[in-house]
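Engineer:
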Amino acid sequence: MSVGVVQGIGVSAGSAFGPVVKVGAAVRPPADEPPADNGAEKVADALEAVATELERRALTALDTAASILQATAMLARDPGLLAAATTEVEGGAGPATALDRAVQSYIDQFTALGGYFAERATDLRDVGDRAIAHVLGVPAPGVPTLTEECVLVAVDLAPAETATLDRAKVLGIVTQEGGRTSHTAILAAQMAIPAVVKVAGATDLEDGVHVLVDGDTGEVHVEPTPELVRELRQRSERRAAALESTTGPGRTSDGRGVQLLANIGGVEDAEAAGREDLEGVGLFRTEFVFLSASTAPTVEEQTDIYRKVFAPFEGRKVVVRTLDAGADKPLAFADLGAEENPALGRRGLRLSAERPDLLDAQLEALSIAASETGADVQVMAPMVAIVEEAAWFARRVRENGLPKVGVMIEVPGAAMRSAHLMEEVDFGSLGTNDLAQYTLAADRMQGELADLLDPWQPALLDVIATACHGAAINGKPMGVCGESGGDPLLALVLVGLGVSSLSMAPSKVPMVRFALAQHTFAQCQRLAHLARSARTAYDAREAVLAEASPALREVI
Ligand code: PEP
Ligand code: MG
7 MSVGVVQGIG VSAGSAFGPV VKVGAAVRPP ADEPPADNGA EKVADALEAV
57 ATELERRALT ALDTAASILQ ATAMLARDPG LLAAATTEVE GGAGPATALD
107 RAVQSYIDQF TALGGYFAER ATDLRDVGDR AIAHVLGVPA PGVPTLTEEC
157 VLVAVDLAPA ETATLDRAKV LGIVTQEGGR TSHTAILAAQ MAIPAVVKVA
207 GATDLEDGVH VLVDGDTGEV HVEPTPELVR ELRQRSERRA AALESTTGPG
257 RTSDGRGVQL LANIGGVEDA EAAGREDLEG VGLFRTEFVF LSASTAPTVE
307 EQTDIYRKVF APFEGRKVVV RTLDAGADKP LAFADLGAEE NPALGRRGLR
357 LSAERPDLLD AQLEALSIAA SETGADVQVM APMVAIVEEA AWFARRVREN
407 GLPKVGVMIE VPGAAMRSAH LMEEVDFGSL GTNDLAQYTL AADRMQGELA
457 DLLDPWQPAL LDVIATACHG AAINGKPMGV CGESGGDPLL ALVLVGLGVS
507 SLSMAPSKVP MVRFALAQHT FAQCQRLAHL ARSARTAYDA REAVLAEASP
557 ALREVI
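Residues 7 to 562 (this note's numbering) are what the sequence shown spells out, left to right.
1. Residues in its own chain within less than 6 Å of D382 by CB, not counting five upstream and five downstream?
2. Taking just the CA atoms, how far does M484 sit from A505?
3. How should T103 be labelled, buried or exposed, when 16 other C-beta atoms within 10 angstroms of its C-beta is the threshold for buried?
4. Is the CB-CB distance between S21 and L171 below 7 Å?
5. Which value, in whole angstroms, describes the spacing of the CA atoms of A340 and R361?
6. Taking the CB atoms as reference points, tell me whether A108 and F116 lie closer together than 7 Å.
7. Starting from the C-beta of L337, find all residues in its chain whose C-beta is less than 8 Å away, skip the five residues before and the five after it, and write them out in chain order.
8. With H, G and I counted as helix, E and B as strand and the rest as coil, what does DSSP make of T209?
9. Is the number of C-beta pairs between the stretch 50 to 65 and the stretch 136 to 143 that are closer than 8 Å three or more?
10. Distance check for A248 and L558, CA to CA, integer angstroms please.
11. How long is the line joining the alpha carbons of V17 and V226, rounded to whole angstroms?
12. Restricting to runs no shorter than 4 residues, where is the alpha helix (DSSP H) found entirely within the stretch 67 to 104?
13. Give the straight-line distance between the Cα atoms of T252 and A554, rounded to the nearest whole angstrom.
14. Report the residue from G30, V315, D366, L105 whose alpha carbon sits nearest the alpha carbon of E378.
15. Note the first and the last residue of the continuous alpha helix (DSSP H) segment covering I562.
16. Do you know whose CA, among E47, E395, V431, V159, lies nearest L355's CA?
17. Look at G419 and G434 and say whether their C-beta atoms are less than 7 Å apart.
18. Measuring only the C-alpha atoms, how far is G256 from G286?
19. How long is the line joining the alpha carbons of A549 and L105, rounded to whole angstroms?
20. Have a look at A19, F520, E94 and flag the residue whose alpha-carbon is nearest the alpha-carbon of Q196.
21. Does any residue of chain B bring its CB to less than 7 Å from the CB of V17?
22. Kindly indicate the opening and closing residues of the beta strand (DSSP E) around E225.
23. Would you list, in sequence order, the uninterrupted alpha helix (DSSP H) runs of no fewer than 4 residues that lie entirely inside the stretch 221 to 291?
24. What did DSSP end up calling Q452 once you bin it into helix, strand or coil?
25. Near ligand 2, which residues have their beta-carbon less than 5 Å from any of its heavy atoms, given in chain order?
26. Buried or exposed: which applies to I3, given that a residue is buried once 16 or more other Cβ atoms fall within 10 Å of its Cβ?
27. Skipping 5 residues on each side, what residues in its chain have a beta carbon closer than 6 Å to that of E345?
28. By DSSP, does R547 sit in helix, in strand, or in coil?
29. Opposite C474 in the DSSP bridges: which residues?
30. List the endpoints of the continuous beta strand (DSSP E) containing C156.
31. Would you list the one or two residues that DSSP bridges to F23?
32. Going by CA-CA distance only, name the one from E47, D260, V273, A425 that's closest to Q308.
33. Decide if L427 is buried, meaning its Cβ has at least 16 other Cβ atoms within 10 Å, or exposed.
34. Flag this pair as yes or no: are the beta carbons of Y444 and A371 separated by less than 7 Å?
35. Between which residues of its own chain and A425 is the CB-CB distance below 6 Å, once the five residues before and five after are set aside?
36. For M422 and A79, I'd like the C-alpha separation in whole angstroms.
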C-alpha cells in the first residue's frame, strides 16, 4: 500500500494520526522440527501456560473483554485440543508441529461450521500461535511493548490483544480483516479508540509509516499531507466543542424526546456507563456475563451481579435482555448440540423455551435484584419471531413480578407483524444487527458481506418503518439497540421513522445527542423519507448527508 487513501469500514468513531506499529507476526514451527523426548509434556505445558496467561489478563480487563479472554482461555484448556496434539506427538511430530497441526484441524472444523464457530477461528489461531511460541521459547506474537503513541495495524486483532491494549499509546486501530460486529469493532468502540477494519493490504504498511485513521468515514490515509492532518484535527476540535455544547436528555431541536441509552455487557460496563451523561441502559447483554461459565449460574450468583448492574442507575431505566445464547454466543451450560445453521437454529428465546429452567432462574434473580434497587428495570427477549412467543414470554416475566416487558425486533417476520406482537408487550427494541443479517440473508460475521449488512440498506429501513408503525398503532415505544443507533446520521433517520430511544456504546452518545439537537422532528421525518426513497444504501446516506444541518456536516 503506497501513499494515498484506502477505504475500509469505520467501526469506532474519531480520527487518529500516528506512526504504524505492526502487530507481531506469529512464528511458524521449523519445517524439520525433530520429535522431542518429552513432547507430550511440552505440548500440555504450552497450552496450560497460554490459558493461565489469558486468565491473568482477564483479571484486569473490563467485562466484555474479560469474558472474551476467559472464553479464549477455555479454548486453550479444551481437552480435545490437547488430545489431538498429543496424538500428533505420538505419531512422531515435534511439539510445535503437533500443536500447529492440532490447531489447524480444529480451525478447519470450525470454519466449515460457519457463523460463530468460524469467528472463533481467530481465537484458536491465537491460542495456537502463543502455544507454539512457548514451545520454541520465543516471545508470544502480538502487540509489542509500545514506547510511543501509534496506530496499530494487524491482520485482525485477537480478542486477547484488543482487550488489553494500552489506551494511552494506541491512538487508532487498522485491521485487514474483521467486520462491523467483530470482536475488534465492539471492543474498540467500547474503549473509544478510532478504528477501521477490512482495509485491503493493511499489513503491507511498513512500521513507522504515518497514517491518518478516520473511524467515521472508514478511510485510512497513508502519509497524508499536512493540510489533511490539519483538517481532520480541526474537525476533531470542532467536534469536541460541538459535543460540549449539548448535554442532558436526547431531544430534537423542537423538543421531541429521544432517550439516549448505553449498551453494556456486565458490572464494570454498568459502573462506567452510570457515570456518563445518559438516560440509562437500553441493552444489557446478560449472556456476556456467562460466556465462560461451564455450569448454569445460580439464582444467588445472578442476583448479586444484577444488583451491581442496577445500582449505578438509581432513578434511570435498565433494559435487561434475557440470555441470548446460541449461534454467535453459545453458552456451555445451555448447549443444545451442533446445528447446520446456528443463526437460524434454536437460539435466543427459542433456547429459553426448551430450557425454561434457565429463564425462570434468571427472571427470579432479576426480580429480586430489581426490588432492591431504585432502577426502573425492564426485561426483554431476544430473537422473538411470532406473537405466541411474545405472549409466552410476557406472561412469564409478569408472573415473576417484573412489570415492564418487551421484545427485541430482530427477525423480519416479527417486524412485519409488529402491530400484533406489540399488543402483548410494553415496548419493542430493534436489534438492527440481526435484523440486517436476516433481512439481507447475509451472515453478520462475514466481513465480505459488509455491503449487504450496511444498516443504510433501504430494505432494512422499510422493515424498521413497518416495525415502528406497528408500535405506534399500539401507542407503545420502539427503540433501537443495534449498532446502527450509534451512527449520528442514521439516528436521525431512525427517529424520523418513529424510534423513541437509541442505545449504543456510551462513547457514541454525545455525537448522536448533538445530531438530534440540530434537527426538528419534521426534518428527521423528511430525512427518513429521503433515505427510504433511495435506490441503494450509498444513495440513502448521501441523500441524508446532503440535507443534514451544516452544523452536523461540519463535525461528522
Ligand atoms: C442486534 O442484533 O442488533 C442486537 C442488539 O443484539 P446482538 O448484537 O447482541 O445480537
Ligand atoms: Mg441480536
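Built from N, CA and C at the ideal position, the CB exists for glycine as well. Since this is a predicted model, take the numbers as computed values, not measurements.
Structural biologist: Taking the definition as stated:
1. By the criterion of a C-beta distance shorter than 6 Å, D382 is surrounded in its chain by K323, once the five residues flanking it on both sides are discounted.
2. In the sequence on display, residue 505 carries Val and not Ala. Going from the Cα of V505 to the Cα of M484 covers about 5 Å.
3. Its Cβ being crowded by 16 or more others within 10 Å, T103 is buried.
4. Result no, Cβ atoms of S21 and L171 do not sit closer than 7 Å.
5. Their Cα atoms are separated by approximately 8 Å.
6. Taking the C-beta atoms as reference points, F116 is found no nearer than 7 Å to A108.
7. In chain order, E293, F296, L297, A299, L329, A331 place their CB closer than 8 Å to the CB of L337, counting only its own chain and leaving out the 5 sequence neighbours on each side.
8. T209: helix per DSSP, three-state reduction.
9. Taking a cut-off of 8 Å for Cβ pairs, the stretch 50 to 65 and the stretch 136 to 143 touch, as three or more such pairs fall below it.
10. If you take the alpha carbons of L558 and A248, they lie about 9 Å apart.
11. Take the alpha-carbon of V17 and the one of V226: they are about 13 Å apart.
12. Taking only runs of at least 4 residues, the alpha helix (DSSP H) segments lying wholly in the stretch 67 to 104 are 69 to 82, 85 to 96.
13. C-alpha separation (whole angstroms): 17 Å.
14. Out of G30, V315, D366, L105, V315 has the C-alpha closest to the C-alpha of E378.
15. Where I562 is concerned, there is no enclosing alpha helix (DSSP H), given that its DSSP letter is neither H nor E.
16. Closest by alpha carbon: E395.
17. Taking the C-beta atoms as reference points, G434 is found no nearer than 7 Å to G419.
18. Approximately 12 Å, taken between the alpha carbons.
19. Taking C-alpha positions only, A549 is separated from L105 by approximately 53 Å.
20. When each option's Cα is compared against that of Q196, the closest is A19.
21. No chain B appears in the structure shown, which is made up of a single protein chain.
22. Here the beta strand (DSSP E) through E225 covers 225 to 228.
23. With a minimum length of 4 residues, the unbroken runs of alpha helix (DSSP H) contained wholly in the stretch 221 to 291 fall at 232 to 251, 273 to 280.
24. Of the three classes helix, strand and coil, the one that applies to Q452 here is coil, per DSSP.
25. Ordered along the chain, the selected set is E416, G437, D440.
26. Here the chain covers residues 7 to 562 and nothing more, so residue 3 does not appear.
27. G351.
28. Helix at R547.
29. Answer is none; C474 lacks a bridge partner.
30. Where C156 is concerned, the enclosing beta strand (DSSP E) stretches over 156 to 160.
31. When beta bridges are read from the DSSP output, F23 appears opposite L218.
32. Nearest C-alpha to Q308: V273.
33. Result: buried.
34. Not closer than 7 Å, so no.
35. Contacts found: G476, I479.
36. Between M422 and A79, the alpha-carbon positions lie close to 41 Å from each other.
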